[in-house]
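Its first residue numbered 25, the sequence shown is counted upward by one per residue in my numbering. We put the CB at the ideal spot given by N, CA and C, even for glycine.
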Amino acid sequence: MKEMKKLLIGLPKGSLQESTVGLFKKAGWNIYLGSRELTPRIDDPELSGLLIRAQEMAGYVAEGVLDCGLTGRDWVIEQGVKVKEICALTYSKVGFSQVRWVLAVPQDSPIRSPKGLSGKCVATEVVNITKAYLKQHQVRNAKVEFSWGATEAKPPLLADAIVEVTETGSSLAANNLRIVDTVLWSETVLIANLNSWKNPWKRAKIETIALMLQGALEAGAKVGLKMNVARKNLAQVMKKLPALHTPTVASLSDPGWFSLEVVIDEKTVRDLVPELKRAGASGIIEYPLNKVIQ
């Protein structure tokens, strides 16, 4: 019996876990995972998964333990490994938002720029990124210590400054910390092992996953609109529609009437629908999308 081809994908364990399962569902893959399981079941015989902490993902992909995986670009940079970045996955509404690593100090600290870190202690989980940042700013004699967690609580007793990840800065402010500078912007990326990428079957499978994941993310920001328009109002309504391409227009059984269908940004709907109504559209229906493939 011919052995079934398999692609092993790493799925991020932790804060992105639920968002990842939801995104794959929209993309067409159902992932089933028990509360303590690390090997999820996926309804695709060609795909197996493993739950891995995002911080470790790039290393396992680079070593070939995994064919591909989802992780942050920051962790790829931090580990300094060679992998193939396939695509970025960013859409805050479903949990895949851009984040930034920032340099932060206590509110009453005299440090106002990276230069003020000379001779100081900086606590962080991204030691290599922080060292590169200090070198870039020609900061000498600063001590960079690895932080196992609760980094925001370390200044001023255990560190003079920290380099920590944030989305809104609210957690830093709650710990009486002030942002001095942005060290690095990061986002979720799909990465692949270099040898797996050279394998034609695995590459095609990874590209399919990337295409469908991006399509699902793209759809999250858009909706479909359907409406009926009389011939006399067609030109006026068409002018109001910011379509990805030319709207789909179909004749109805009632002579002189048309059906229009278009994909638009969800954030524009509340302002656009009243304009369409005033321009002569009727029977306007808004519906969600699962995927938009450009």
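Looking at the secondary structure, which residues open and close the beta strand (DSSP E) in which residue i lies?
i, result
"F120", "From DSSP, F120 is part of no beta strand (DSSP E); its letter is neither H nor E."
"S210", "201-210"
"S43", "From DSSP, S43 is part of no beta strand (DSSP E) but of the alpha helix (DSSP H) over 41-51."
"L265", "Taken as a continuous stretch (DSSP letters only), L265 belongs to no beta strand (DSSP E), as it is neither H nor E."
"K222", "Here K222 belongs to no beta strand (DSSP E); instead the alpha helix (DSSP H) covers 218-222."
"V163", "No beta strand (DSSP E) contains V163, which DSSP labels as neither H nor E."
"T148", "145-148"
"V273", "272-275"
"L57", "Note, L57: premise wrong, no beta strand (DSSP E); not H, not E."
"D289", "281-289"
"G38", "No beta strand (DSSP E) holds G38; DSSP gives it neither H nor E."
"I110", "108-113"
Just to confirm my understanding: we take residue i, look at its own chain, exclude 5 residues before and 5 after, and list those with CB closer than 6 Å. What are they?
i, result
"K315", "G239, A240, A243"
"H161", "P138"
"I317", "G239"
"V168", "V146, V151, T154, K155"
"A51", "M236, L237, A240"
"A112", "E211, V213"
"V85", "G93, V107, I215, N217"
"F170", "V151"
Our contact map puts residue i next to residue j with C-beta atoms below 8 Å; I'd like the distance itself, whole angstroms only.
i, j, result
"A128", "R60", "That belief does not hold up - the Cβ atoms of A128 and R60 are roughly 35 Å apart, past 8 Å."
"N165", "E102", "At roughly 22 Å, the Cβ-Cβ gap does not stay under 8 Å, so N165 and E102 are not in contact."
"A147", "T175", "6 Å"
"L71", "L31", "6 Å"
"K108", "I33", "Contact flag wrong, Cβ pair sits at about 14 Å."
"F120", "T212", "5 Å"
"N252", "S283", "6 Å"
"D205", "V126", "7 Å"
Starting from the Cα of residue i, find the closest Cα among the options and give me that residue.
i, options, result
"G304", "T292, T272, K264", "K264"
"N54", "S43, M236, E70, I66", "I66"
"K226", "D91, L40, V45", "D91"
"G96", "L196, T44, K159", "T44"
"K37", "G52, A86, G93, A228", "G93"
"V297", "P312, D278, K250", "K250"
"Y311", "E285, D295, L47, E299", "E285"
"K29", "L313, P224, G88", "P224"
Over what stretch of residues does the alpha helix (DSSP H) that includes residue i continue unbroken?
i, result
"G248", "Careful: G248 lies outside any alpha helix (DSSP H), inside the beta strand (DSSP E) at 246-254."
"D295", "293-303"
"R97", "97-103"
"E70", "Note, E70: premise wrong, no alpha helix (DSSP H); not H, not E."
"I153", "151-160"
"E87", "78-87"
Output needed for residue i: all residues of its chain with C-beta closer than 7 Å, excluding positions within five of it in sequence on either side, in chain order.
i, result
"A254", "G280, W281, G304"
"W99", "A78, Q79, M81, A82"
"N199", "E176, A177"
"L300", "M251, V261, K264, I308"
"D68", "W53"
For residue i, which residues in the same chain have their Cβ closer than 8 Å to its Cβ, ignoring the five residues on either side in sequence?
i, result
"D184", "V129, S133, I135, L141, K144, C145, V146"
Checklist entry - Along the chain, which unbroken stretches of the beta strand (DSSP E) at least 3 residues long are found entirely within the region 169-197? => result Within the region 169-197, the complete beta strand (DSSP E) runs of at least 3 residues are 185-190.
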